Structure formats: C-alpha cells, structure tokens
Amino acid sequence: MSIDKDKIKHVSKLARISVNDKKIDGLTKDLTSIFKFIEQLNELNTDKVEPLSSILNEPLRTREDKITDGKMREKILENSPQKNEEFFIVPKVIE
Amino acid sequence: MVGKVMNKAEGKYIINGEKGKWEVVIGLEVHAQVTSNSKLFSGSATKFGADPNTQVSLVDSAFPGMLPVINEYCVQQAIKTGLGLNAKINSYSVFDRKNYFYADLPQGYQISQYKNPIVGEGKITLDLQEGTKTIGIERLHLEQDAGKSIHDLNPSNTYVDLNRSGVALMEIVSKPDLRSPEEVNVYIKKLRSIMRYLGTCDGNMQEGSLRADVNISVRKEGEKKLGTRCEIKNVNSIKFMQMAIVYEAQRQVKLLESGKKIDQETRLFDTKKNETRSMRSKEDAHDYRYFPDPDLLPLNIDKNLIEKIKSNLPELPDQKKERFIKDYLLSNYEANIIVSEKEISDYFEEVVKTSDVKLAKNWIMGDLFASLNDKNISITQSKVTAKKMAQLIDSIASGVISGRTAKEVFEIVKETGEEPKKIIETQGLQQKSDPKELEKIIDKILEDNKDKVEQYKSGKNKLFGFFVGQVMKLSSGKANPQLVNEILKKKLK
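Chains U and C, in that order, are what the protein sequence lines are. Going by the working numbering, the residue at position 32 of the first sequence is 77; the numbering climbs one at a time, nothing skipped. Going by the working numbering, the residue at position 86 of the second sequence is 99; the numbering climbs one at a time, nothing skipped.
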C-alpha cells in the first residue's frame, strides 16, 4: 500500500489532527516505510485463519441490569470548557 | 414531480417517468431502543425525560480510563428479538469501534458490531392487501446510542445532553426487499408489534425509541441489478419515512432520466420542506475505520441460554393471529387488526373469556375504536375496560337491552367509567321483553291504524317497518325488537 499526500490529508482530517503542509513530505516517507515493514505479514497465507479479535481466551465479563451509576451532573460538567447548569455547550452544529 | 405514481391492481408501486417505468427498492436500518433499566455498558439509568445530564456516568461521558462492562440483560433482549424474527443467533460475536467525531459522541467512536453481529439472517411476514410477503432480515446487532444535540435553546450554540449516550440500541437491518411506502408502513408496524409483544423495545416513536435510516434506490421495471442508493438518516415517524421515500424516488428518477448519475450519499429529510438534501457534514461518514474494541472481549453465547430464552418466548402476533382465526373464527382482516397491538388482543381475549365473540369483535372494532380515535388514547387508557365491555355485551346477548340502547350506555361508560349494569338499572333502560306487555302495545297500534293494516294485508309489505317504528315509539325504544317482530308477524298474518 502506498501512502501519498492525499491519503495523509484524508486520514489527518478523519482523525482531526492538523498536519502542516511542510510536514507532509516527511510524514509520507515515514508512513510508507512503516507500512512496508508491516506488509511483510502479507507474505503469509491467512486464507483459512479467522481474524483474531482478542488474545485473551476468556469469556466477556457481564453485569446485571441494575442502576448503579449516574446522578453526578456537576462532576460530569465540571471540566467542560463551556457549560451551564444543565448542559454541555458546544459551537453551533448545523445540519 | 416526474410522472404519476400509481398503484396497479396487483399492488405494485411504480413511478411512471418520461422514459419508462421505475421500481423503487427500499431497505431499512431500524434503530430500536432496548428496554432495560440501565445502559449497555454502564450502570446509568435509561428512563426517558429525565433532567439533562443526570443519567450520565463517567463511562457514558468517556472520561479517560473508563471501561465498558456489558449489560447481560441487553444481550438477552437482543437474542429474544432475534428469535422473534426467526433469525439465527450467533454463538460468537464481536464489538467494534465505529469512529467518527460529533459533539454528542464523547468517546469519538460508537461501540457497535460490524463483521460479527449477535443475530444473523431472519425474516418478517407482512400482511399486505394483495397477500403475504416475506421481508428478509439481514442482521441485528447491538450498539450504543449517542447523546442528544439541542439546537434551538441558543442561537449561537448547541447544547448537549448525554442522558441517551450509551443506551442500548438494536440495529435491525432489512434486506432491500421493500418496494413501496405502504410496505414500509406495514413492515415498521409489524416489527414494532413483534418487539412490543416480546417486551424488548417499547416502540415509542415520539420518544425516539424507534428510528430508521431509509436506503432508497430506483431501477427500471424488470431490471435485476440494484441502482445506486441514497441513505436518508434518522427518520422518526412512519409518515415521514413514507414522505421521504416518495420525494427521494422521484428525485432519483428525474436525475437518471436526464442522464445524470446518483451519488451514493447520506441525505437528510427536511420535514418542513418535504424534501431530502445532502448532508455535507457526513461526506466522510462512511469512512468509519471499524476495528474490534480492545476494551471488550468477544461475546460467546451459550446454546443453553438461547434454548432457555426460546422456551420462554411469549405468543407472537403471527401465532396469536392463527389461533384467533381458528378459535374465534375471526376473518384474516379482523385478526390482523386485533393482534396488531398486544394490548388490544389482551382486551379482546378478556372480553371473549366470558362473552359473545361476534358482539365482542364488532363492539371493539366499532364503537370502542371510534372512541379511542376521538379521544386520541390507547385501549388501556379507555374508561370502557374489558370487564365493562363484557358486561355491556352480556346485557345485549341476554336481551336486557337492545343494541340501540347499548350504544347510549356505551357513551356514558366511555365518559364516566360507570358500570353498564348500574347505568341500565338506575336509568331503567331494560328492554320490555314481556310478550304480554308488548302484545298490549301492538294491539293498540293495530287498532289505531286499521287503514294501514288493510294496506299491509293487501301487499304493501313496506308498512311492516312503520308498525315496528310505532311500537318503538310507544315503548320509548325499550321494546325488544326481536319479540316485536315475532308478535307483529303473527298478528298481521
């Protein structure tokens, strides 16, 4: 997989990371070499291997359907850059 | 608008374009809120209408280091729904992260299921005017709901309420088997009914417990290949879904007929303007970069659990319908209506436990439904409870009151909730069923109208109604009509 400038721009946009134009060339080079290294894995035939979702061979732990949490509005809102008594406040999201 | 839309005799929904006939292909992704006390991955409450941000934990607001722990009941609810949809339950499923940024999604990703959903293929049978049709279910998976953005409290800001953040949803994806707005209507109602019978989703569309993304494409009639589809996001009423389909299908036909292409995109239905438009903010929306959530292990479902849930399934609408047709001799049409809501079928069964079936179905589907419509209430809110309805019907069946008087009694019960028996007694509404008493009245009428009796006897049969009317008038409507008929016939021979 080759990494070009457009790909870098696209991925950085998706990740909401601003990438300075000056840095794009360097990043392209770095990422291409990282991908090349990882792509060595493609040499293995994995046609009949199920994707591994977890390396732990344990069952998923569950909980009962009980209300045990919540009711901490002040605490939740405390670190918000903008808020009022009830809500988080964010810049207008227009659809 | 491009040409007319017509419903042909066989019930096909076709758009007549300028250059041919077009078929509409629709698939639905229904988001159904799981009925549970607490959220999918946290112990916060799920109750609708709570004060903003009071049902939010550190997990739901995505504070660093918080870890999700799955609610076992939500898993069971998903299995139950899957079984109700005749679907395959997957013994192995995986939770994935669906990555996107939005103000009401504090995690920056939604925990969902991508490659390995908890429920696989199933089906729903629809009763349409032209017969039954089976709609395939592609899958059902569990996922978290997002918070709620409120745009109208402040002109320059959006307010965010995270009460809904993390509430369990079942996304139920249909195959592209639907062909018209009407089929969508029947499909949603059937799905809602099944889930309400199961108790897995309350189906309350006003409260957003049931919403759908509608996938629409068009193709020339007879064409096998699917056209390029557009997805209309988050439509929260059946009426709006239907309006959106009508608009969007027309738009696509118009584009294709003028030689243009359909862009596969996410669109929004503007309910005020009755149109769909592109959601530019979702340009990259399909680039979700799914990957297995490292905070959660795969979900293994034990066969015994599936069996246990299966053996405890309630009677579902289709089974109930069959039984009602068999046991109570309802028509297909009547059975469909009565089983459409669990509450209605419960009401019906309570009434017919003690009372006449024919009267019961006519009264429930007639006067009772009309009164529910008038008052815009549900059957459980009516003052005419099943017990009172049974009492009313029994009074008709045993001849205590006539059907006409019963209507008056019903009007009173519906407003006051008084017992029919009491109303009949205190207001002296019992019919006159004593033959001797009726004979007296009839004799008087025949005596007073000798000329008409002559005319009747010489062949003017229509006059029979006149005599009945007179008897009713003289008895203030309380004469037992059947008896009056019998006696009159005898006397006029």
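Where is the CB? At the ideal position from N, CA and C, for every residue including glycine. Note that the structure is a prediction, hence the values are computed from the model and not measured.
According to DSSP, simplified to helix, strand and coil, what is residue i?
{"i": "residue 183 of chain C", "result": "strand"}
{"i": "residue 95 of chain U", "result": "coil"}
{"i": "residue 163 of chain C", "result": "strand"}
{"i": "residue 490 of chain C", "result": "coil"}
{"i": "residue 63 of chain C", "result": "coil"}
{"i": "residue 147 of chain C", "result": "strand"}
{"i": "residue 78 of chain U", "result": "helix"}
{"i": "residue 246 of chain C", "result": "strand"}
{"i": "residue 354 of chain C", "result": "coil"}
{"i": "residue 45 of chain C", "result": "strand"}
{"i": "residue 432 of chain C", "result": "coil"}
{"i": "residue 22 of chain C", "result": "In this predicted model, residue 22 of chain C has a pLDDT of only 44, less than 50, meaning its place in the structure is not dependable enough to derive any value."}
{"i": "residue 132 of chain C", "result": "strand"}
{"i": "residue 501 of chain C", "result": "helix"}
{"i": "residue 160 of chain U", "result": "The first residue shown for chain U is 46 and the last is 140, placing residue 160 of chain U beyond what the model contains."}
{"i": "residue 107 of chain U", "result": "strand"}
{"i": "residue 345 of chain C", "result": "helix"}
{"i": "residue 157 of chain C", "result": "strand"}
{"i": "residue 102 of chain C", "result": "strand"}
{"i": "residue 40 of chain C", "result": "strand"}
{"i": "residue 373 of chain C", "result": "helix"}
{"i": "residue 115 of chain C", "result": "coil"}
{"i": "residue 97 of chain C", "result": "helix"}
{"i": "residue 273 of chain C", "result": "coil"}
{"i": "residue 394 of chain C", "result": "helix"}
{"i": "residue 456 of chain C", "result": "helix"}
{"i": "residue 64 of chain U", "result": "coil"}
{"i": "residue 240 of chain C", "result": "coil"}
Can you give me the Cβ contacts of residue i inside the same chain, cut-off strictly under 6 Å, excluding the 5 residues immediately before and after it?
{"i": "residue 40 of chain C", "result": "187, 189, 228"}
{"i": "residue 343 of chain C", "result": "337"}
{"i": "residue 16 of chain C", "result": "Low confidence applies to residue 16 of chain C: its pLDDT is 42, below 50, so where it sits in the model is not reliable enough to give any reading."}
{"i": "residue 95 of chain C", "result": "102, 132, 153"}
{"i": "residue 128 of chain U", "result": "122, 134"}
{"i": "residue 72 of chain U", "result": "53"}
{"i": "residue 127 of chain C", "result": "109, 303"}
Near residue i, what residues of its chain come up, given a Cβ to Cβ distance below 8 Å and the 5 sequence neighbours on each side ignored?
{"i": "residue 312 of chain C", "result": "83, 88, 105, 106, 107, 108, 131"}
{"i": "residue 495 of chain C", "result": "412"}
{"i": "residue 224 of chain C", "result": "43, 44, 218, 247, 248, 249"}
{"i": "residue 328 of chain C", "result": "210, 336"}
{"i": "residue 57 of chain U", "result": "63, 64"}
{"i": "residue 268 of chain C", "result": "274, 275"}
{"i": "residue 14 of chain C", "result": "Since pLDDT at residue 14 of chain C reaches only 39, below the 50 mark, its modelled position is unreliable, and the value read off the structure follows with that caveat. Cβ within range, chain order: 263."}
So does residue i have its beta carbon nearer than 7 Å to some heavy atom of the ligand HEM?
{"i": "residue 427 of chain C", "result": "Looking at this structure, you won't find the ligand HEM or any other ligand, since it has none at all."}
Give the range of the alpha helix (DSSP H) segment to which residue i is assigned.
{"i": "residue 54 of chain C", "result": "Taken as a continuous stretch (DSSP letters only), residue 54 of chain C belongs to no alpha helix (DSSP H), as it is neither H nor E."}
{"i": "residue 335 of chain C", "result": "330–341"}
{"i": "residue 54 of chain U", "result": "50–59"}
{"i": "residue 403 of chain C", "result": "399–410"}
{"i": "residue 319 of chain C", "result": "316–324"}
{"i": "residue 310 of chain C", "result": "Premise fails: residue 310 of chain C is in no alpha helix (DSSP H) and is neither H nor E."}
{"i": "residue 463 of chain C", "result": "463–470"}
{"i": "residue 9 of chain C", "result": "Missing from the structure shown is residue 9 of chain C; chain C here goes from 14 to 506 and no further."}
{"i": "residue 87 of chain U", "result": "Per DSSP, residue 87 of chain U belongs to no alpha helix (DSSP H) and is neither H nor E."}
{"i": "residue 385 of chain C", "result": "382–388"}
{"i": "residue 121 of chain U", "result": "118–122"}
Going by the DSSP bridge assignment, what does residue i pair with across the sheet?
{"i": "residue 305 of chain C", "result": "C:109"}
{"i": "residue 360 of chain C", "result": "Paired residue(s): none; residue 360 of chain C is not in a bridge."}
{"i": "residue 233 of chain C", "result": "C:35"}
{"i": "residue 291 of chain C", "result": "C:280"}
{"i": "residue 133 of chain U", "result": "U:128, C:173"}
{"i": "residue 445 of chain C", "result": "C:492"}
{"i": "residue 152 of chain C", "result": "C:186"}
{"i": "residue 84 of chain C", "result": "U:108"}
{"i": "residue 100 of chain U", "result": "DSSP, once it has assigned bridges, lists no residue as partnering residue 100 of chain U."}
What are the boundary residues of the beta strand (DSSP E) that includes residue i?
{"i": "residue 76 of chain C", "result": "From DSSP, residue 76 of chain C is part of no beta strand (DSSP E); its letter is neither H nor E."}
{"i": "residue 427 of chain C", "result": "Where residue 427 of chain C is concerned, there is no enclosing beta strand (DSSP E), although the alpha helix (DSSP H) it sits in stretches over 416–429."}
{"i": "residue 140 of chain C", "result": "135–141"}
{"i": "residue 125 of chain C", "result": "122–125"}
Note down, in chain order, each residue of its chain lying with its Cβ closer than 7 Å to the Cβ of residue i, except the 5 sequence neighbours on either side.
{"i": "residue 278 of chain C", "result": "243, 291"}
{"i": "residue 116 of chain C", "result": "162, 171, 173"}
{"i": "residue 63 of chain C", "result": "176"}
**Asked** What residue ranges within the region 177–231 of chain C form continuous alpha helix (DSSP H) runs of no fewer than 4 residues, ordered along the chain?
**Response** 194–211
**Asked** According to a CB-to-CB cut-off of less than 9 Å, which residues of the region 70–88 of chain C neighbour chain A?
**Response** Among the chains of the structure shown, chain A does not appear; the protein chains present are U and C.
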